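Residue numbers (the numbering used here): 175 to 327.
For glycine and all other residues, C-beta sits at the position ideal for the given N, C-alpha and C.
The structure presented is a predicted model; accordingly, all values stated were derived computationally and were not measured.
As structure tokens, the structure follows; a few thoughts come after it.
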């Protein structure tokens, strides 16, 4: 069930962009793949159009998919800070920059104390992930989009 505020912000975003906010969900390693469905469902229930990167994707293919699907956000599920990550946050950000994707907001779903937290736009704690996180992200992406629209007026 969406709150009136969330519904209002989704409508504003849809009016500006002609669609709901879109995110691509990817995993840092095979350890996180078990969380794909839970996280994707929560974001979809929160109003996002959710695309899911295939398992075992590398950073380059994830970045290409973000650009191809016109995502507003890239969300990396990263829960095991000791595992050998197949995809690094630094590689994703560098790949986005190389393809003029600086407008894509990058976030982590995992642990709030993730060492990569200072390099991304947002971090959501997987153990406490809930619809209110979606509401906050919709507020955030709407503010970003309103700022971008205001710059072009």
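Residue 243 (DSSP reduced to helix, strand or coil): coil
Notebook entry, point to check: Does the Cβ of residue 252 have 16 or more other Cβ atoms within 10 Å, making it buried, or fewer, making it exposed?
Noted result: buried
Quiz item: Who are the near neighbours of residue 218 in its chain, counting only those whose CB is closer than 6 Å to its CB and skipping five residues on each side?
Solution: 224
(message) Assess contact between the region 230-240 and the region 267-281, defined as three or more Cβ pairs (one per stretch) separated by less than 8 Å. Is contact present?
(response) yes
Point to revise | Where residue 201 sits in the DSSP three-state scheme | key: strand
| said: Would residue 294 and residue 284 qualify as a contact pair, given that the criterion is a beta-carbon distance under 8 Å? | reply: no
**Message:** With the cut-off set at 8 Å, would you say residue 222 and residue 178 are in Cβ contact?
**Reply:** no
Quick check on the DSSP output: the beta strand (DSSP E) that includes residue 296 runs from which residue to which? 296-299
Cutting at 7 Å between CB atoms, please list the residues of its own chain near residue 288, excluding the five before and the five after it. 252, 255, 282 and 297
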